[in-house]
Each structure stands twice: as C-alpha cells, then as structure tokens.
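Enquirer: Below you will find the structure I want to go over with you.
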Amino acid sequence: MLGEEEVVVLKVNPVDLHGVIYRDVTVTFPDRSVGQARLGPEGVPSDLRPGDVVLATKVVNLIVSLRRP
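The sequence shown begins at 798 in this note's numbering and counts up by one.
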C-alpha cells in the first residue's frame, strides 16, 4: 500500500493552477513501466530535470511525492 521505489525522470512540465506551480512528471520504474503524476511544490524537488534518479513515494500505486535519495 505504501512504499518507495527508485525511478528515473523522463519529463517534467510546469503547470500553473490558480497561481501555484505544479509539475506534471513522467517517470520510469526499474521494470520499465512508466508512471505519471501531477505534484505540488511540496512533493517534488524544485530543480528536478529529465534523467534525474529520485525516490518515488507511492500510496496504493499512485505517486504522491518524489525526493532525492
């Protein structure tokens, strides 16, 4: 239900929603599956770039945050 997994960032796109910058993030998992999430500023490193290796926190198979290892 709750866990962390190392992922590689494929895409990061900023999205402005009512003055708050969210990021649409696409990542790939070790099994080569792809995941997507829209994360607020508290849930993603501000300097996140494609190619970065980060830890994805997942709840019920949904990515809820990314952080540096």
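C-beta atoms are modelled at their ideal positions from N, C-alpha and C, and glycine is treated no differently. Small disclaimer: the values here were computed from a predicted structure and weren't measured.
Which residues bound the beta strand (DSSP E) around PRO811?
Expert: 799–814
Enquirer: Following the continuous beta strand (DSSP E) through VAL861, name the residue where it begins and the one where it ends.
Expert: 859–864
Enquirer: Does the distance from the C-beta atom of VAL805 to that of GLY848 stay below 8 angstroms?
Expert: yes
Enquirer: Can you list, in chain order, the residues of its chain with a C-beta nearer than 6 angstroms to that of VAL856? Leave out the 5 residues immediately preceding and following it.
Expert: LEU799
Enquirer: What is the C-beta distance between LEU852 and ARG864, in whole angstroms, given that I count them as a contact (C-beta under 8 angstroms)?
Expert: 5 angstroms
Enquirer: Could you check what DSSP says for GLY848 in three-state terms: helix, strand or coil?
Expert: In this structure, GLY848 counts as coil in the three-state DSSP scheme.
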